[in-house]
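Numbering of the sequence shown is given in the working numbering, commencing with residue 93 and proceeding in unit increments. Using N, Cα and C, we set each Cβ at its ideal position, and we do this for glycine too. Data block below; observations after.
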Amino acid sequence: MLSPQADAYFNGGAADGFTLRDNALAWQRIALLPRVLQPLAGGHTRVELLGRTLAHPILVAPIAYQRLAHPHGEVATALAAAVLGAGLVLSTQASTPLEDVARLVLAENARGPLWFQLYLQVDRGFTRELVHRAEAAGYEALVLTVDAPVNGARDRERRAGFTLPPGISAVNLQGLRKPAPAALQPGQSALFDDLLTHAPTWDDVAWLRSITRLPVLLKGITHPADARLAVDAGAAGLIVSNHGGRTLDTMPATATLLPAVAQAVGGAVPVLVDGGIRRGTDVLKAIALGASAVLVGRPVVHGLANAGATGVAHVIRLLRDELEIAMALCGCARLDQASLALASGGQRHGETRARSDAG
Ligand SMILES: Cc1cc2nc3c(=O)[nH]c(=O)nc-3n(C[C@H](O)[C@H](O)[C@H](O)COP(=O)(O)O)c2cc1C
């Protein structure tokens, strides 16, 4: 079980937690409207993603410091994801060496995609070496997180007095030297005149693409204009994400942002989504709204904290089973029929308005 400090770290959101709560609520508010008597024999949850066929569209989101949740940490999560065919995105701030995780995942035939999440470090030389380590270890794509140039206001963590306990650290960043703090003049900002002078920009996306042969996905795209810039910058895919409500509080829920981003991208690259996905019905709704696949964060941590690899496997298995049930009940044999499942015009729960075509 999680300590109160770890609970605040994993389950907390930024500031007052509006976006954190909204993420889950927004999926729940989207109504499904079944079609009956559709042919369902031979149905499946397979999807195509970046040139591969996946058994189902569920990936494990990058979550830092998983050994805080369970002594086996990322190893347990990776094993469970691999045997259940779920993709795995390993965090830059993982508490397990990236090579150890890759070795386990790559040995499993049923595995899904193996991607490495990247935070660009101020030391671009170190970043380049980290990218090359990930390539050498067998990671198949880089996921550049672009929505957190600075941590959000993590009030719940602060109230709980959260700090990393001894023995748990971002081991893949060992040897990274932090730049000395700038000598600020009175009136200067520690953020704008120091930390953020190194913050990544669109130029760094071009730089990253120039130093790697791996496809680069951008995680944390929410604005349609940024989605278009990302495609122009050569991103291989986008992840609509508000970092699980941990960065900017009062951002809209990802369920409400996804359709406009998918429309802006127009199928040029795959669009994925995360934030508040808790049920198979949520997965179906995400696909119906234009996502190619989804990432799941905290539910995986809960499985890990409660029962290690078995717990993570249970969470992924439940989500997949629920997705199949939701598809069958909506009359969708395949996920390319998912949009059939949405009530026309995105009717919301609690609305009594009759559908225009209801007999
Ligand atoms: C405890 C915690 C740590 C996270 N660490 C990272 C990280 O290292 N890199 C990253 O890109 N996103 C990180 N995220 C964000 C997740 O990848 C994902 O966007 C979010 O958790 C999805 O929302 P959900 O938890 O509601 O499923 C973290 C989220 C949590 C809850």
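Closest residue to Asn115 among Phe102, Asp341, Thr293, Val193 (Cα-Cα distance): Asp341
By the three-class DSSP mapping on this structure, what secondary structure does Pro96 have? helix
Using a threshold of 7 Å, state whether the C-beta atoms of Val363 and Ala383 are closer than that. yes
If I'm right that Pro205 touches Ile379 with Cβ under 8 Å, what's the distance once you round it to whole angstroms? The pair is not a contact, with the Cβ atoms about 17 Å apart (cut-off 8 Å).
Alpha-carbon to alpha-carbon, Gln280 and Gly368: 38 Å
Close Cβ partners of Ala352 (< 7 Å) along its chain, the five nearest in sequence each way excluded: Pro316
Around the C-beta of Pro292, are 16 or more other C-beta atoms found within 10 angstroms, so that it is buried, or is it exposed? buried
Within the continuous alpha helix (DSSP H) that includes Glu249, where are the two ends? 247 to 252
Arg390, enclosing alpha helix (DSSP H) - first and last residue: 390 to 422
Does the beta-carbon of Ser431 have 16 or more other beta-carbons within 10 angstroms, so that it is buried, or is it exposed? exposed
Is Ala262 near ligand 1, going by C-beta to nearest heavy atom under 6 Å? no
Pick from Ala435, Leu434, Glu416, Ala433: whose alpha carbon is nearest that of Ala133? Glu416
Taking only heavy atoms of ligand 1 into account, decide whether any of them is closer than 6 Å to the Cβ of Thr289. no
With burial defined as no fewer than 16 other Cβ atoms inside 10 Å of the residue's Cβ, what is the status of Val357: buried or exposed? buried
Within the present structure, is the beta-carbon of Asp324 separated from the nearest heavy atom of ligand 1 by less than 6 Å? no
If you measure from the CB of His71, is any heavy atom of ligand 1 nearer than 6 Å? Not covered by the structure: residue 71. The range shown for the chain is 93 to 451.
Counting only the same chain and skipping the five closest in sequence on each side, list residues whose C-beta sits under 6 Å from that of Pro154. Val181, Ser183, Gln209
Should Ser183 be counted as a contact of ligand 1 given a C-beta to heavy atom distance under 6 Å? yes
Beta-ladder partner(s) of Asp366, from DSSP: Leu387
Buried versus exposed call for Pro271 [16 or more other C-beta atoms within 10 Å across all chains shown]: exposed
Please go through the same chain and pick out, in chain order, the residues whose beta-carbon is closer than 8 Å to the beta-carbon of Ala399, but skip the five residues on each side of it. His406
Is Arg220 closer than 7 Å to Ile303 when the C-beta atoms are compared? yes
Does the count of Cβ pairs from the region 241 to 253 and the region 103 to 121 closer than 8 Å reach three? yes
CA-to-CA distance, Phe102 to Ser261, given in whole angstroms: 15 Å
Would DSSP call Ala356 helix, strand or coil? helix
Taking Leu309 as the reference, give the member of Val365, Ala274, Asp215 with the closest Cα. Val365
Please say whether Leu350 and Leu381 have beta carbons closer to each other than 7 Å? yes
Can you check the region 181 to 219 for any beta strand (DSSP E) of at least 3 residues that lies completely inside it and give the ranges in chain order? 206 to 210
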